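Novice: Residue numbers (our numbering): 227 to 938. Dropping the structure in here first, questions after.
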DNA sequence: TTCTCGATG
């Protein structure tokens, strides 16, 4: 009974509604709601302190009545007495759709909205749609949602679903969140960057506003930690409805996880058991390399899925395979949380994932393969138990799981560049960032480095306070250096052009390089190439796309991701609105591309490299060798400028600079005087014309500002 | 001469 209910409820999350379940057709929405575990089952309350009394009464009344009362009553009773509650809601418990409605039904929406945050946009949209149907109103009236680029709420809205990033932005405008009577932070156990910042902020807001209620959802394993962080608050457990999954560990460690995964999938297939297979791999490359050719005569549809895959190919994993054909989906961790495929009976888990880790000391990201955490492993195996009992084959030993894996993944806030977080907190008036209450504080090094970077960009002054430039930078949903570039471009009269470049840089992967057609796509890409700059190459691509009426056919013909370009246009339009609002003028410099390069230099002078040898560069400040990425316009051309700036430094197989632009040495000294000085070199034999030659040297900083504002 | 895990504003 339980299993069937879960199966049916899974239906409502599907984007396409044509296959509405019989359950959904027969039962009214109210009846469906009452089937949910959150409504009918007993809450297991691990209570603390004074909460015990109120819990006692609510359970007592349950028993007195002689039947199981819907435990929403005991939940609401506890909630009335506590400003913050942790809810452990397992998959299929109904917490996401029901908690908001309970609060609404209990009168909380009479003095403000009930807000519910989600880490992902699709979730915010689809849940809002479902809840508006349950309440019986049009989406956008009583129940609405807000995500970037789309605000589907009105003055009537009482229940608002949104991404956590939106709530964070709202707190900039209204730091006490006065519009809300209650906030539910859903999927908080995923610990997104925004969630972690909101944790610290909301903890303060609740202490200031005694009428604001907060619910934080968590996974079982970190509920105690969450409760402690918010001040020993009560924890509710709501059971879920999923099918049992057999977990099978590898007896010995696997050396080659790709090969092991393929073998395991074949073995499952030959076992004669029915059901689709989902394989978790760390990255796109492993997925493409996975040689499933042994499957072809055996009636298996091998389907790759990763975020960079064009959407028409992505859609294939949701299509029903022909009769008698088994689907074998090979996925990155996109299939862990972001998308759900029904009918998976077998999961094969490589035990690895790719993560970006930031090294503040050298300002470099590294994209590395790491063992997954136990939480990841459980999430992956759970994917086999959504529509029936399943099996999960883990390509690692039980001892590796127990002894080598972390219980949970290191939260993003501890492994990312914090410049944006620091800027946001500064603008929210947080004086001493090192004392800000993070659940898991980021490394101090990282915080100081981010403050330093903001000082370089002129967003913070010598005392660590926000400057007018910094205040303007916060307005943009961009990384600080990109905001800075946009602001500077107004004075340099190339804002319309920089606006496009900034928008292009805000979107991943413009160029598409399909397997088997690498050379062909490289040749097409070269046609867009501006020899001295990848930034200008991007501008060129956008202008040509615009001249071709933003055509998607044109994109396909030129190996350009249509989806990415559409997003560029959306971002551009949003940024333009903010510029208009901030009274920043929009002007193009036409074909004077030197101005554009100088403008880029004004915001990125801190990421400069100097030519050393043929096609080899070293970082001007650190002396560290770094390489042009083979996708760069400057790569392999005869043209090797003395100085370049880079947008990003990523360590993969080597230290690669991604997106570079040639700059004049004098610009570096002019725009980044805290780093560079111009030194007049003596005439040397090799140099002709006797002209001054400039040597840009990294200058030792006279005063390191972090010393000044570490404590303040 | 390489490849970008996943999300967000």
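Beta carbons: idealized from backbone N, C-alpha and C, even for Gly. Note that the coordinates shown come from a computational prediction; the quantities given were computed from them, not determined experimentally.
#1: Under three-state DSSP, which class holds residue 794?
#2: With a cut-off of 8 angstroms, do at least 3 Cβ pairs link the region 711-725 to the region 646-662?
#3: Looking only at its own chain, which residues have a Cβ that is under 6 angstroms from the Cβ of residue 421, when we skip the five neighbours before and after it?
#4: Tell me, to the nearest whole angstrom, how far the beta carbon of residue 855 is from that of residue 808; I am working on the premise that it is less than 8 angstroms.
#5: Residue ranges of each alpha helix (DSSP H) run of no fewer than 4 residues wholly in the region 745-798, ordered along the chain?
#6: When DSSP labels each residue in this structure, what does residue 653 get in the three-state scheme?
#7: Can you check DSSP and say which residues form a bridge with residue 884?
#8: DSSP on residue 622, reduced to helix/strand/coil?
#9: Per DSSP, which one or two residues make a beta bridge with residue 386?
#10: Measuring straight from C-alpha to C-alpha, what distance separates residue 595 and residue 621?
#11: Kindly indicate which three-state DSSP category residue 430 falls into: helix, strand or coil?
#12: With distances taken Cα to Cα, identify the nearest neighbour of residue 457 among 663, 483, 510 and 446.
#13: What did DSSP end up calling residue 740 once you bin it into helix, strand or coil?
#14: Using the Cβ count rule (16 or more neighbours within 10 Å means buried), how would you classify residue 532?
#15: According to DSSP, is residue 294 part of a helix, a strand, or is it coil?
#16: I'd like the ranges of any beta strand (DSSP E) spanning at least 3 consecutive residues and lying wholly in the region 461-487.
#17: Would you please state the rounded distance, in angstroms, between the beta carbons of residue 709 and residue 810? I believe it to be under 8 angstroms.
#18: So, helix, strand or coil for residue 555, using DSSP?
#19: Roughly how many angstroms separate the alpha carbons of residue 691 and residue 697, rounded to a whole number?
#20: Return the chain-ordered ranges of every beta strand (DSSP E) run that is complete within the region 538-625 and spans a minimum of 3 residues.
#21: Measure the CB-CB distance between residue 392 and residue 335 and report whether it falls below 8 angstroms.
#22: In angstroms, rounded to a whole number, what distance separates the CA positions of residue 860 and residue 761?
#23: Between which two residues does the alpha helix (DSSP H) containing residue 328 stretch?
#24: Any chance the region 525-545 sits against the region 468-478, with 3 or more Cβ pairs inside 8 angstroms?
#25: Run the CB neighbour count on residue 545, radius 10 Å, all protein chains shown included, and call it buried at 16 or more, exposed below.
#26: Is DSSP giving residue 658 helix, strand or coil here?
#27: Within 10 angstroms of the Cβ of residue 586, are there 16 or more other Cβ atoms? Answer buried if so, exposed if not.
#28: What separation, rounded to the nearest whole angstrom, lies between the Cα atoms of residue 767 and residue 773?
#29: Give the DSSP bridge partners of residue 311, in chain order.
#30: At the level of alpha carbons, what is the spacing between residue 748 and residue 739?
#31: Please report the distance separating the alpha-carbon of residue 792 from that of residue 735.
#32: State whether the region 356-371 contacts the region 417-436, with contact taken as three or more CB pairs (one from each stretch) at a distance under 8 angstroms.
#33: Return the CA-CA distance between residue 354 and residue 387, expressed in angstroms with no decimal places.
#34: Let me check understanding here. Comparing Cα to Cα, which of 303, 323 and 822 lies closest to residue 759?
#35: Measure the C-alpha to C-alpha separation of residue 255 and residue 360 and round it to an integer number of angstroms.
#36: If I'm right that residue 831 touches residue 871 with Cβ under 8 angstroms, what's the distance once you round it to whole angstroms?
Specialist: Quick look at the numbers:
#1: In the three-state reduction of the DSSP assignment, residue 794 falls in the helix class.
#2: With a cut-off of 8 angstroms, the region 646-662 and the region 711-725 do not count as touching, because too few Cβ pairs lie within range.
#3: Excluding the 5 residues flanking it on each side, residue 421 has same chain C-beta neighbours closer than 6 angstroms at 390 and 414, in chain order.
#4: About 34 angstroms separates the CB atoms of residue 855 and residue 808; that is not less than 8 angstroms, and the two are not in contact.
#5: The region 745-798 contains, as complete alpha helix (DSSP H) runs of 4+ residues, the segments 760-773 and 778-783 (chain order).
#6: Correct three-state label for residue 653: helix.
#7: Beta-bridge pairing by DSSP links residue 884 to 874.
#8: In this structure, residue 622 counts as coil in the three-state DSSP scheme.
#9: 341 and 370, per the DSSP bridge assignment.
#10: Looking at the backbone, the Cα of residue 595 and that of residue 621 are separated by about 15 angstroms.
#11: DSSP places residue 430 in helix when its eight states are reduced to three.
#12: Considering only 663, 483, 510 and 446, the residue with the shortest C-alpha distance to residue 457 is 663.
#13: Here residue 740 sits in coil by DSSP.
#14: Buried.
#15: Because residue 294 carries a pLDDT of 31, less than 50, the predicted location of this residue cannot be relied on, and the following value inherits that uncertainty. DSSP, reduced to helix, strand and coil, places residue 294 outside both helices and strands of the structure shown, so it counts as coil.
#16: Those beta strand (DSSP E) runs which fall completely within the region 461-487 and span 3+ residues are 461-464 and 471-475.
#17: Not a contact, Cβ separation roughly 11 angstroms.
#18: Collapsing the DSSP output to three states places residue 555 in a strand.
#19: Just so you know, the alpha carbons of residue 691 and residue 697 end up roughly 10 angstroms apart.
#20: Fully enclosed beta strand (DSSP E) runs of 3 or longer: 552-557, 570-575, 578-585, 590-597 and 616-620.
#21: It is not a contact, given that the beta carbons lie outside the stated cut-off.
#22: Approximately 11 angstroms between the Cα atoms of the pair.
#23: Counting along the chain, the alpha helix (DSSP H) containing residue 328 begins and ends at 321-331.
#24: Verdict: no, contact absent.
#25: Looking at its Cβ environment, which holds fewer than 16 other Cβ atoms inside 10 Å, residue 545 is exposed.
#26: Coil at residue 658, not helix or strand.
#27: So residue 586 ends up on the buried side.
#28: Taking the Cα positions, residue 767 is about 10 angstroms away from residue 773.
#29: When beta bridges are read from the DSSP output, residue 311 appears opposite 441.
#30: Approximately 8 angstroms between the Cα atoms of the pair.
#31: Distance between the alpha carbons of residue 792 and residue 735: 12 angstroms.
#32: Cβ pair count under 8 angstroms is below three, so no.
#33: Straight through space, the alpha carbons of residue 387 and residue 354 are spaced by roughly 6 angstroms.
#34: That would be 822, whose Cα lies nearest to the Cα of residue 759.
#35: Between the C-alpha atoms of residue 255 and residue 360 there is a straight-line separation of about 6 angstroms.
#36: The pair is a contact, with the Cβ atoms about 6 angstroms apart (cut-off 8 angstroms).
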